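Numbering (the numbering used here), first residue to last: 3 to 569.
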């Protein structure tokens with residue numbers, strides 16, 4: 003490893019610590035998980051939510067669960083019948099150490115912990131005697147998901163990434179041997195399962211973190227019709243497969259962020275698409291399929307019959323695209339010269355950088371079947387207004403997943419729609435239990451969504467909520483462990499809002515004054531409220547004989563702590 007790699011990584015970590023005001027160890031945990039987990043195109047919030055470091059972490063600092071490359075949240079409710087047979091379930095574990103070496107002890111601890119955590123015969127109560135609530139809860143999602151999908155025969159893969167500031171070229175032979183043993187243990191634990199152990203050091207961290215994500219994709223075509231700046235093209239399926247795939251052959255999931263549906267799996271229409279792809283005597287594929295619609299901010303031709311596209315989003319044709327990628331990727335390994343690769347797909351390319359115009363296209367092209375308005379909330383006018391207001395005030399509202407992160411904007415000023423929804427529920431409605439227990443569900447119900455984001459809430463209140471929540475999170479990061487922070491952050495945020503207002507908050511509109519006057523909690527106020535919150539939480543836990551995790555997810559404690567605070 004070049005010494006320069008370590009110097010550069012340490013510089014990156016120092017800058018991040020200054021920006022976030024977090025302790026160096028915490029900054030490294032976040033950075034390590036961010037670089038380690040390559041599935042799902044995770045946002046920084048999703049990375050942070052997966053961190054479980056602290057007492058009882060079992061030598062595991064990050065836990066992430068993916069079903070067919072999609073990150074699963076704790077409150078996701080899977081219907082087994084909707085999940086295709088043979089789907090891939092990936093449990094990704096990360097261990098991050100600031101030290102400059104890779105040790106046997108770390109692998110031994112991880113092996114010991116995972117041996118118990120992945121044993122389905124171990125009860126949750128038994129695990130809680132050895133490990134922290136946060137870790138047991140995250141692993142519990144994996145165990146629960148696996149049990150619910152057992153009849154669908156999922157392909158289980160367990161990954162373990164060990165991250166330090168060390169040199170992977172100098173990993174001790176005994177450490178490598180134990181890593182191989184751990185891989186085998188992962189694979190043997192589930193029928194047909196697989197296991198992988200990866201080492202990331204300073205060189206790998208620098209390589210991954212400095213990699214610039216391209217916003218430009220090229221798409222060769224056979225024939226096209228052009229009108230103005232938009233095009234209708236016939237594209238060979240081999241070229242479209244390349245367009246959909248990243249350097250590792252994985253689907254570029256981020257180009258589907260504005261599509262209102264997710265992949266439906268092996269439903270009838272997708273089975274028909276697959277059949278038309280593979281059947282040699284079938285009519286031309288583009289005769290049988292409506293094709294796909296792409297929106298981009300810029301399009302031009304390069305080197306003959308090749309389009310170059312900026313800021314690509316596939317807004318219609320997700321089922322077609324996923325089926326093409328899945329079917330032809332499998333076929334590529336078996337018969338790379340199969341005639342299916344020479345079939346054609348119709349692609350509409352629409353150039354627009356106007357947000358309202360783009361949203362109209364998304365709505366129009368996704369109305370062939372009924373789609374609930376709640377599924378389109380990211381395109382609502384009020385959401386665009388919030389984004390504009392944040393931007394004008396130096397903050398960044400991430401309506402388009404990872405958009406501002408990819409532009410290099412400060413991570414501590416990027417706020418996602420789900421995050422703002424949690425802050426709204428906790429501080430605007432005094433319901434921190436919903437923020438803690440049901441983060442994904444807040445936006446799935448159209449009634450809840452309209453309650454959270456009515457046009458009557460001043461834009462300044464939305465920005466105030468984001469700033470106040472960030473202030474609370476930074477304060478807690480310096481005061482408590484990661485697992486404690488998970489159960490305290492929304493309750494403390496609720497108390498801080500009530501404290502500033504002098505009363506319990508029943509609606510976001512009540513926060514207009516502190517928002518207009520830009521009044522936020524001081525560290526002294528937060529410290530006083532934290533002491534009160536922790537005292538009440540300990541007292542309630544002893545009285546009810548419940549875990550902090552269960553208490554934080556229920557509504558009863560909310561009334562207790564508000565009353566104790568005088569509201």
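Ideal Cβ placement from N, Cα and C applies to all residues, glycine included.
This one's a predicted model, so the numbers in the text were calculated from it and none came from an experiment.
Among 347, 243 and 525, which residue has its Cα nearest to the Cα of residue 470?
The residue among 347, 243 and 525 with its C-alpha nearest the C-alpha of residue 470 is 525.
Name the one or two DSSP bridge partners that residue 348 has.
236
Among 170, 387, 76 and 155, which has the Cα closest to the Cα of residue 105?
Nearest in C-alpha terms to residue 105, of all of 170, 387, 76 and 155, is 170.
Looking at the secondary structure, which residues open and close the beta strand (DSSP E) in which residue 418 lies?
416-418
Cβ neighbour criterion (16 or more within 10 Å) applied to residue 224:
exposed
Reference residue 384; option with closest CA among 354, 410, 443 and 451
451
Check residue 105 in the structure and name its three-state DSSP category.
coil
Is any heavy atom in the ligand MG found nearer than 7 Å to the beta carbon of residue 423?
This structure lacks the ligand MG; in fact it carries no ligand of any kind.
Along the beta strand (DSSP E) that carries residue 163, what are the first and last residues, could you check?
Run containing residue 163: 157-165, per the beta strand (DSSP E) assignment.
For residue 132, does the three-state DSSP call read helix, strand or coil?
coil
Does DSSP put residue 440 in a helix, a strand or coil?
Three-state result, residue 440: coil.
Inspect the CB distances between the segment 71-82 and the segment 172-182 and report whether three or more fall short of 8 Å.
At 8 Å Cβ cutoff, the stretches do not touch.
Tell me, please, which residues DSSP counts as bridged to residue 318.
BP columns for residue 318 point to 295.
Is it a yes or a no for the segment 441-461 touching the segment 487-496, going by three-plus beta-carbon pairs under 8 Å?
no
Measure from the C-beta of residue 302 to each C-beta in chain B and report whether the shortest distance is under 8 Å.
Among the protein chains of the structure shown there is no chain B, as only one such chain exists.
Contact check, residue 102 vs residue 108 under 8 Å by CB: the rounded distance?
So it is not a contact: roughly 13 Å between Cβ atoms.
From residue 8 to residue 34, what does the alpha carbon distance come to, in whole angstroms?
Distance from the CA atom of residue 8 to the CA atom of residue 34, rounded to whole angstroms, is 14 Å.
Pairwise C-alpha distance: residue 158 and residue 188:
9 Å
Pick out whichever of 253, 423, 336 and 278 has its Cα sitting closest to the Cα of residue 316.
253
Round the Cβ separation of residue 485 and residue 135 to the nearest angstrom and send it over; I've been treating them as touching at under 8 Å.
6 Å
Residue 307 and residue 222 closer than 8 Å at C-beta:
yes
Tell me whether residue 6 is buried or exposed, calling it buried when 16 or more other Cβ atoms sit within 10 Å of its Cβ.
Classification of residue 6: exposed, given that the 10 Å Cβ count is below 16.
Looking at C-alpha atoms only, which residue of 457, 130, 544 and 231 is the closest neighbour of residue 352?
231
Near residue 418, which residues of its chain fall below 7 Å by C-beta distance, leaving aside the five closest residues on each side in sequence?
Here the set comprises 45, 47 and 400.
Assign residue 475 to buried or exposed, taking buried as 16 or more other Cβ atoms, counted over all protein chains shown, within 10 Å of its Cβ.
buried
Please name the residue or residues paired with residue 275 in a DSSP beta bridge.
Looking at the DSSP assignment, residue 275 forms no beta bridge with any residue, so it has no partner.
Anyone know if the C-beta pair for residue 391 and residue 461 falls short of 8 Å?
yes
In terms of residue numbering, what span does the beta strand (DSSP E) encompassing residue 7 cover?
Counting along the chain, residue 7 falls outside any beta strand (DSSP E), though it belongs to the alpha helix (DSSP H) covering 5-22.
Whole angstroms is fine: what's the gap from residue 287's alpha carbon to residue 349's?
Cα to Cα, residue 287 sits roughly 12 Å from residue 349.
Start-to-end residues for the alpha helix (DSSP H) that takes in residue 222
Segment 218-222 is the beta strand (DSSP E) holding residue 222; no alpha helix (DSSP H) there.
Pop quiz: residue 363 and residue 322 are said to be a contact at Cβ under 8 Å. What is the actual Cβ separation, rounded to whole angstroms?
With a Cβ gap of about 17 Å, residue 363 and residue 322 do not count as contacting.
Expressed to the nearest angstrom, what Euclidean distance is found between the alpha-carbon atoms of residue 122 and residue 150?
13 Å
So who's on the other strand from residue 326, going by DSSP bridges?
Looking at the DSSP assignment, residue 326 forms no beta bridge with any residue, so it has no partner.
Here's the rule I'm using: 16 or more other beta-carbon atoms within 10 Å means buried, otherwise exposed. How should residue 564 be labelled?
buried
Contacts around residue 226, its chain only, beta-carbon distance under 6 Å, and the 5 residues preceding and following it disregarded
Here the set comprises 233 and 235.
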